[in-house]
C-alpha cells in the first residue's frame, strides 16, 4: 500500500495529513500559530512559526500512524496564497510575512495600475491589482523598507518557504504563482513584461512548475529532524484554493465549489482562460495541468462568524463548554430558531475589506435593518445569510462568463453546519452536495503528490478513486423566493455605502 502526505500551511495553523492510495485518511495533525496585526489593516506572520508547526505535525503524524517512512511515496504542499516571504542571500527571512488579508498596499496597487494600465494588466495577468496580491507587497517593502528590499535574494509564497526548508529548493507552482500578479496566467510562466515594468528582478522569483510535478526531495538533514525518508519526492502542490478544489473533485466543468473557511470562495473549473473584463473575479491556473479556474473571494466568511463568537458569544461559549459541544454548534442551533431573511436584518460581511466583486480595502461590516424585534439569534443567522449573499455575488459573475454550473460542492468549516448548507442551497437556488472528504487542501495536496509519483495516472483519476458524494441538498421554493428579495436589497447596500466606508477609513487613519 502506498501512502501520501499533504501539508497545508494555513492562516491559523498547519495541517499534516497522511492518506492511503484509496483516499482513506490514516492520520492528521494540526499545529496552530498566531497572526499579528501591528497596525490597523495590517496582517503578518512569522514564517518560523509555520516551519515549527510543520515539523511538529509531521513528527506527530508519523508517530501516531505507525506507517513506515519508506511507505510514504510522495508529499504535496498547499498553503495560504499571496503572502510575501522575503529571503536574503544567507537564506534567512528578512521580515515577517505580509499576508493575503493585509490591506496596506492600496497606494502600491494604484501605482501598478497606472504604470501598466488596467486593461493591459488584465491582458497580461488575467487579474487587476488588488491589495491581497503579492506584487503590491513587494513594492510596499521597496517604498517603505528599502534597507530590506536591497537584501532580497528570493521571494517565496508561504508554502514555498516550507518547501525550501524541507528540500533546499526555491520553487513554486502555477496555481499559487497566479496570485502574485506577476504570472502570465495564459502562458503559465512569469510575466517578463510585468516584472520589467515594475522593476522587480526576475531572479527574485523561484522556478515555477505545474502542480503535480516533483520540485524537490526531502534532504538528509530534514530526514533526521522529522523522521521522513531522505529523498522522498515533494511535488509542486497548490495554492490553498486550487488544492482544496482538487480535494473536492472540482476537476471538470459543471461542478463548482463553495468554500466557507476563514475566507469564502466560489471556485469554478475551466478548460480555457476566461477573464472578467472588469476584473471582479480572479482567473488563475488550476492545479490540473493545462487547465484554469475562475474564483471569487470574500475576505471574511467563516471569519465573520468567528468574530461574533469571540466578541459577543461568551454565553454560548460557556454553554458549549458545559455540554461538550463546539461553540459553533450552539450558535447555529440558536440561528435555526429564526426564519429565513431574519425579519429584514441583513449583514454585510466586509470585516476585513473585500475582494470580490468589490475590490475595496475600505469596505466595512454592517448590520442593516436592526429593530427592537431582533435578538442574538437574528444576528447570528444574518451573518450566515450575508456570507451566502456575498458568495452569490461571485456565482452570478461566473454564470455571466458562460461557465456551466450544474452542482455546487460545499467545503470548509461552513460545510459542517446543516443550517449553513441549507442556506447556501436556497440562496444560490442550486443543488448543493457534500462529499466524503472533509480534509480540504491537505487532501488535495496529497492527491497531487500521488499524481506526481505515479500512484494515479492524472488528477482526474485521483479524484475519481477517492471522492464520492454523501448528501444532496435541494433548494426549497419558499426560501428561494425570500432570499431573492433580500439579495436584491443586499446588492444595493454596498454602492450606497462605498463613499462612507472610505470616509471612515480616512478618519481612522487621521486619528490613529
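Numbering (UniProt numbering), first residue to last: 1 to 512. C-beta atoms are modelled at their ideal positions from N, C-alpha and C, and glycine is treated no differently.
Same chain only: Cβ atoms within 6 Å of residue i, ignoring 5 sequence neighbours per side
i, result
"residue 345", "369, 374, 378 and 382"
"residue 266", "258, 296, 391, 394 and 395"
"residue 417", "332"
"residue 456", "450 and 462"
Burial state of residue i (16 or more Cβ within 10 Å)
i, result
"residue 70", "exposed"
"residue 361", "buried"
"residue 446", "buried"
"residue 347", "buried"
"residue 430", "buried"
"residue 15", "buried"
"residue 138", "buried"
"residue 105", "buried"
"residue 230", "exposed"
"residue 414", "buried"
"residue 439", "buried"
"residue 372", "exposed"
"residue 38", "exposed"
"residue 41", "buried"
"residue 489", "exposed"
"residue 421", "buried"
"residue 496", "exposed"
Beta carbon of residue i nearer than 8 Å to that of residue j
i, j, result
"residue 298", "residue 220", "no"
"residue 2", "residue 73", "yes"
"residue 157", "residue 172", "yes"
"residue 287", "residue 254", "no"
"residue 53", "residue 13", "yes"
"residue 85", "residue 166", "no"
"residue 162", "residue 452", "no"
"residue 530", "residue 274", "Residue 530 is absent from the model: the chain starts at 1 and stops at 512."
"residue 212", "residue 18", "no"
"residue 349", "residue 412", "no"
"residue 126", "residue 185", "yes"
"residue 472", "residue 433", "yes"
"residue 95", "residue 148", "yes"
"residue 216", "residue 62", "no"
"residue 175", "residue 285", "yes"
"residue 358", "residue 494", "yes"
"residue 108", "residue 136", "yes"
"residue 450", "residue 462", "yes"
"residue 210", "residue 170", "no"
"residue 353", "residue 103", "yes"
"residue 93", "residue 57", "no"
Spatial neighbours of residue i in its chain, beta-carbon cut-off 8 Å, leaving aside the 5 residues before and after
i, result
"residue 113", "121, 128 and 129"
"residue 385", "340, 341, 342, 346, 347, 423, 427, 483 and 486"
"residue 331", "305, 308, 309, 313, 316 and 380"
"residue 35", "11, 12, 43, 44, 45 and 99"
"residue 399", "405"
"residue 195", "182, 201, 202 and 205"
Per DSSP, cross-strand counterpart(s) of residue i
i, result
"residue 366", "348"
"residue 36", "44"
"residue 155", "86"
"residue 132", "Looking at the DSSP assignment, residue 132 forms no beta bridge with any residue, so it has no partner."
"residue 410", "258"
"residue 28", "17"
"residue 4", "19 and 74"
"residue 293", "269 and 284"
"residue 405", "254"
"residue 9", "14 and 79"
"residue 354", "360"
"residue 97", "45"
"residue 298", "264"
Neighbourhood of residue i by C-beta distance below 7 Å, restricted to the same chain and skipping five residues each side
i, result
"residue 435", "248, 249, 409, 467, 468, 469 and 470"
"residue 515", "Only positions 1 to 512 of the chain appear in this structure, which leaves residue 515 out of reach."
"residue 83", "97, 98, 99, 100, 157 and 158"
"residue 441", "8, 78, 240, 243, 244 and 247"
"residue 504", "364"
"residue 302", "260, 261, 262, 412, 413 and 414"
"residue 510", "none"
"residue 336", "419"
"residue 153", "87, 88 and 89"
"residue 59", "226 and 227"
"residue 25", "17, 19 and 439"
"residue 179", "81, 82, 133, 134, 239 and 284"
Cβ-heavy atom distance, residue i to the ligand ATP, below 7 Å
i, result
"residue 165", "With respect to the ligand ATP, the structure offers nothing, as it holds no ligand at all."
Any beta strand (DSSP E) of 3 or more consecutive residues that is wholly inside the segment 227 to 281: 233 to 235, 254 to 260 and 264 to 270
Unbroken stretches of the alpha helix (DSSP H), 4 residues or longer, contained in the segment 300 to 324: 302 to 312 and 314 to 323
I'd like the ranges of any alpha helix (DSSP H) spanning at least 4 consecutive residues and lying wholly in the segment 147 to 217. 158 to 167, 174 to 177 and 192 to 197
Pick out the complete beta strand (DSSP E) segments inside the segment 423 to 507, 3 residues or longer, and give them in chain order. 432 to 435 and 469 to 473
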